[in-house]
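Peer 1:
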Amino acid sequence: MGDRCLESTRIEIHHIRPLHLGGSDNLENLVTLCQEHHRCLHSKQA
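For the sequence shown, my numbering assigns the number 649 to the initial residue and increments by one for each residue that follows.
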């Protein structure tokens, strides 16, 4: 994911620090990702 993604229609919000690990819904803990990159990120975290 080093290059910028050009997807602009299937955008999701990702918690940098997951809620179950003490993260919050504050903007500082959120990032927008396209659906595909969001899925890839979570598959790497498993």
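Glycine included, each C-beta is placed from N, C-alpha and C at the ideal position.
Using 8 angstroms for Cβ pairs, my map puts leucine 681 next to glutamate 660. What's the rounded Cβ distance?
Peer 2: 6 angstroms
Peer 1: By Cβ distance, which residues of its chain are closer than 6 angstroms to glutamate 655, with the 5 residues on each side in sequence left out?
Peer 2: Cys682
Peer 1: Which residues bound the alpha helix (DSSP H) around leucine 689?
Peer 2: 683–693
Peer 1: Per DSSP, threonine 657 forms a beta bridge with which residues?
Peer 2: The partner list for threonine 657 (beta bridge, DSSP) is empty, contrary to what the question assumes.
Peer 1: Do glycine 670 and isoleucine 664 have their beta-carbon atoms positioned less than 8 angstroms apart in this structure?
Peer 2: no
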